[in-house]
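Presented below is the structure to which this report refers.
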Amino acid sequence: MEIRLDQVTLEETDSRLTATPEELQPDLELAKLCSDVEYRLVHHRVDKEIFLSGRVSFILEFTCARCLENYRRNFLVPLNLVLQLVAEEQMEDADETDDEFIPYPESKPVYNLDRHLRDLITLEVPMKPLCRDDCAGLCSQCGANLNNSSCNCRTERTDPRWEGLRRLGNEN
Ligand SMILES: [Zn+2]
Ligand SMILES: [Zn+2]
């Protein structure tokens, strides 16, 4: 996803940029990007600074860590950047540690946003994806999805932590 810097002016302008999953290829372990990534933004330029501000929308598919069903979530995440245009020879001294203020050679007419988009998408992937907070998971005995149905083994199963107590009770 590239933005034409030479077309950004003092006047605030709405834009819409789109990238496909094939173009972006985010490196995700526990999720799959299953929609185009769309960036709706307003941009303008003041002197040597280009301001980009807007929101990125996309859909991710996860596999629930408890019930193993696939589920999708829509995301709408803010992405705000300021490009500070500097002469090529100043790039070496430029501070590139800031995520929001980015030095960029003023001679280049386009800026590629792909790295920012990949980072932004990766940050939305949870360590342990759950289809819902109270997902009941699978029955450990018959494998039934306990969100959709209850199984018979569930009621017969006794919690092993109470096993000792139960035996005590039988002895008396
Ligand atoms: Zn689940
Ligand atoms: Zn069961």
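When we follow numbering that gives the first Met the number 0, the leftmost residue of the sequence shown carries the number 0, and every step to the right adds one. In this text, a Cβ means the ideal position worked out from N, Cα and C, and glycines have one as well.
- Going down the chain, each residue whose beta-carbon is closer than 6 Å to a heavy atom of ligand 1 shows up: Cys63, Arg65, Cys66, Glu68, Leu129, Cys130, Cys134.
- DSSP, read as helix, strand or coil, puts Leu27 in coil.
- In the structure shown, Leu119 falls within a helical segment according to DSSP collapsed to helix, strand and coil.
- Between Pro102 and Gln83, the C-beta gap is smaller than 8 Å, which places the two residues in contact.
- Linking Arg15 to Leu40 through their CA atoms gives a straight-line distance of about 6 Å.
- Within the segment 66–143, the runs of alpha helix (DSSP H) that reach at least 4 residues and sit entirely inside it are, in chain order, 113–122.
- Leu145 and Pro77 have their C-alpha atoms spaced approximately 36 Å apart.
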